[in-house]
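Read the structure below first, then the notes.
There are 2 protein chains.
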Amino acid sequence: MDTELDRILSEITGRGFRLTRVRRAVVEVFLQRGLPLSAADVIAALRPGNSSINKTTIYRELAFLEERGIIKEIRFLHERVKRYELAGGEHHHHLICVKCRKVEDIVLEGDLEEEEQRILESTGFRVLNHSLEFVGLCQGCR
Amino acid sequence: MDTELDRILSEITGRGFRLTRVRRAVVEVFLQRGLPLSAADVIAALRPGNSSINKTTIYRELAFLEERGIIKEIRFLHERVKRYELAGGEHHHHLICVKCRKVEDIVLEGDLEEEEQRILESTGFRVLNHSLEFVGLCQGCR
DNA sequence: TTGACACCTGCAACTAAGTTGCATTACACT
DNA sequence: AGTGTAATGCAACTTAGTTGCAGGTGTCAA
Numbered sequence: 141m142d143t144e145l146d147r148i149l150s151e152i153t154g155r156g157f158r159l160t161r162v163r164r165a166v167v168e169v170f171l172q173r174g175l176p177l178s179a180a181d182v183i184a185a186l187r188p189g190n191s192s193i194n195k196t197t198i199y200r201e202l203a204f205l206e207e208r209g210i211i212k213e214i215r216f217l218h219e220r221v222k223r224y225e226l227a228g229g230e231h232h233h234h235l236i237c238v239k240c241r242k243v244e245d246i247v248l249e250g251d252l253e254e255e256e257q258r259i260l261e262s263t264g265f266r267v268l269n270h271s272l273e274f275v276g277l278c279q280g281c282r
Numbered sequence: 141m142d143t144e145l146d147r148i149l150s151e152i153t154g155r156g157f158r159l160t161r162v163r164r165a166v167v168e169v170f171l172q173r174g175l176p177l178s179a180a181d182v183i184a185a186l187r188p189g190n191s192s193i194n195k196t197t198i199y200r201e202l203a204f205l206e207e208r209g210i211i212k213e214i215r216f217l218h219e220r221v222k223r224y225e226l227a228g229g230e231h232h233h234h235l236i237c238v239k240c241r242k243v244e245d246i247v248l249e250g251d252l253e254e255e256e257q258r259i260l261e262s263t264g265f266r267v268l269n270h271s272l273e274f275v276g277l278c279q280g281c282r
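Residue numbers (the numbering used here), protein chains in the order written: chain E, 141 to 282; chain G, 141 to 282.
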């Protein structure tokens with residue numbers, strides 16, 4: 141876990157960027173939570189220890205980490221807020237419980253490769269990326 | 141095409157709701173465009189002929205049509221606005237071109253039934269709904 | 001055809017999420 | 001320790017959508 145933190149931090153410094161108090165804290169929050177977080181989530185997570193963080197800083201930090209490919213943006217259906225999760229893990233999707241709002245990761249068996257190939261052949265559209273999420277009831281809420 | 145309009149309008153009146161100027165106009169816009177529209181799109185489409193439509197009315201009308209299952213909400217990755225499209229058509233997904241922003245409908249061959257069954261078995265999560273979109277380059281932009 | 005009532009509409013003011021400009025602070029390197 | 005640039009904080013702004021309320025209009029019954 142901490143090796144993962146070190147890996148990310150040295151990826152940042154290795155490319156000549158500064159390792160600031162806020163930057164380190166934001167990355168740590170993503171590692172601790174392991175789930176998609178909004179700017180508000182990050183701010184709430186940092187508030188207890190660090191009361192003076194500004195929302196502008198967090199928004200800019202999230203943009204910074206996204207541009208460097210350390211986190212990536214995701215949006216959930218029917219939600220207005222941007223969320224981010226750590227990039228670089230295994231390719232997965234999300235299960236979102238409509239009742240308790242819990243989010244789980246899911247790795248599909250057959251991924252969408254064949255569908256994307258078929259789309260290219262039938263329409264000429266070259267898929268670069270897809271977004272897939274499942275909405276329903278988690279085990280506890282059924 | 142007009143039979144489809146009639147079908148929707150009589151679905152509205154049949155359930156005891158009024159058929160107003162704005163309501164009819166909004167449904168017509170969705171039928172004409174046949175693609176996901178934001179509130180701003182609808183307003184822009186109605187402005188030429190009908191300069192006095194208010195954005196509040198459009199937002200409320202979209203909520204009305206959604207509650208009655210006539211349109212449904214969709215959100216595209218990296219977009220902040222809500223979009224809606226007519227419900228009731230064949231189950232499909234969207235291809236969104238990153239370059240020209242054009243949107244095409246796509247019907248998948250094998251749909252996600254088996255995956256959803258597998259998810260239920262392995263995690264206990266009952267999928268009610270999914271959202272899937274493909275981002276890439278359309279034939280014209282490649 | 002008219003009247004009445006509930007639904008619909010428009011306006012203004014508000015909220016939430018995110019963004020921008022600018023002055024100040026603090027990393028990291030010498 | 002000093003310096004330059006990246007990072008930060010504050011305030012003001014933007015965009016998308018929402019709410020309260022007063023007034024208007026479609027529909028149904030008489």
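Cβ atoms here follow ideal geometry from the backbone N, Cα and C, with glycine treated the same way.
Determine whether the beta carbon atoms of residue i and residue j lie at a separation below 8 Å.
| i | j | result |
| --- | --- | --- |
| Val169(G) | Leu186(G) | yes |
| Val275(G) | Ile214(G) | no |
| Leu159(G) | Ile152(G) | yes |
| Val243(G) | Leu277(G) | no |
| Gly264(E) | Gln279(G) | yes |
| Ile183(G) | Ile198(G) | yes |
| Arg282(E) | Arg266(G) | yes |
Taking DSSP's pairing of strands, which residues face residue i in a bridge?
| i | result |
| --- | --- |
| Leu235(G) | Glu244(G), Phe274(G) |
| Asn269(G) | Val275(E) |
| Ile152(E) | Bridge partners of Ile152(E): none, in fact. |
| Lys212(G) | Glu225(G) |
| Leu177(E) | Tyr224(E) |
For residue i, count neighbouring C-beta atoms within 10 Å of its own C-beta (all shown protein chains included) and say buried if the count is 16 or more, exposed if not.
| i | result |
| --- | --- |
| Ser192(E) | exposed |
| Pro188(G) | exposed |
| Val221(E) | exposed |
| Arg223(G) | buried |
| Leu252(E) | buried |
| Glu273(G) | buried |
| Glu255(E) | buried |
Out of the options, which one is the CA nearest neighbour of residue i?
| i | options | result |
| --- | --- | --- |
| Gly156(G) | Arg282(G), Glu230(G), Arg208(G) | Arg208(G) |
| His233(E) | Leu159(E), Val221(E), Cys240(E), Leu217(E) | Leu217(E) |
| Ser262(G) | Ser262(E), Val182(E), Ile246(E), Arg223(E) | Ile246(E) |
| Leu200(G) | Arg241(G), His231(G), Val238(G), Arg163(G) | Note on identity: in this sequence residue 200(G) is Arg, with Leu being the wrong assignment. Among Arg241(G), His231(G), Val238(G), Arg163(G), the Cα nearest to that of Arg200(G) is on Arg163(G). |
| Asp225(G) | Leu202(G), Lys239(G), Arg241(G), Cys240(G) | Checking the displayed sequence, the identity of residue 225(G) turns out to be Glu instead of Asp. Comparing Cα positions, the closest option is Leu202(G). |
| Ala165(G) | Asn190(G), Arg147(G), Asn269(G), Thr143(G) | Asn190(G) |
| Leu248(G) | His231(E), Glu206(E), Leu260(E), Leu268(E) | Leu260(E) |
| Asn269(G) | Thr196(G), His231(G), Cys240(G) | His231(G) |
| Asn194(G) | Leu205(G), Phe204(G), Gly250(G), Ala179(G) | Ala179(G) |
| Ile147(E) | Arg258(E), Ala227(E), Pro176(E) | This sequence places Arg at residue 147(E); Ile is not what is there. When each option's Cα is compared against that of Arg147(E), the closest is Ala227(E). |
| Leu171(G) | Thr143(G), Phe204(G), Cys240(G) | Thr143(G) |
| Arg241(G) | Gly154(G), Pro176(G), Val167(G) | Pro176(G) |
| Phe204(E) | Ser271(E), Gln257(E), Val167(E) | Val167(E) |
| Arg258(G) | Gly250(E), Ser271(E), Gly154(E) | Gly250(E) |
ask   = Between the region 193-204 of chain E and chain G, which residues of the former have a C-beta closer than 9 Å to a C-beta of the latter?
value = none
ask   = Using a Cβ cut-off of 7 Å, which residues of the region 142-169 of chain G contact any Cβ in chain E, in chain order?
value = none
task = Scan the region 260-274 of chain E for residues whose Cβ lies nearer than 7 Å to a Cβ of chain G and list them as they occur along the chain.
result = Thr263, Gly264, Phe265, Arg266, Val267, Leu268, Asn269, His270, Ser271, Leu272, Glu273, Phe274
task = Pull out every residue of the region 207-219 of chain G whose Cβ sits closer than 9 Å to any Cβ of chain E, in chain order.
result = Glu213, Ile214, Arg215, Phe216, Leu217, His218, Glu219
task = May I ask you to list, following chain order, the residues of the region 235-251 of chain G that have a beta carbon less than 9 Å from some beta carbon of chain E?
result = Leu235, Cys237, Val238, Glu244, Ile246, Leu248, Glu249, Gly250
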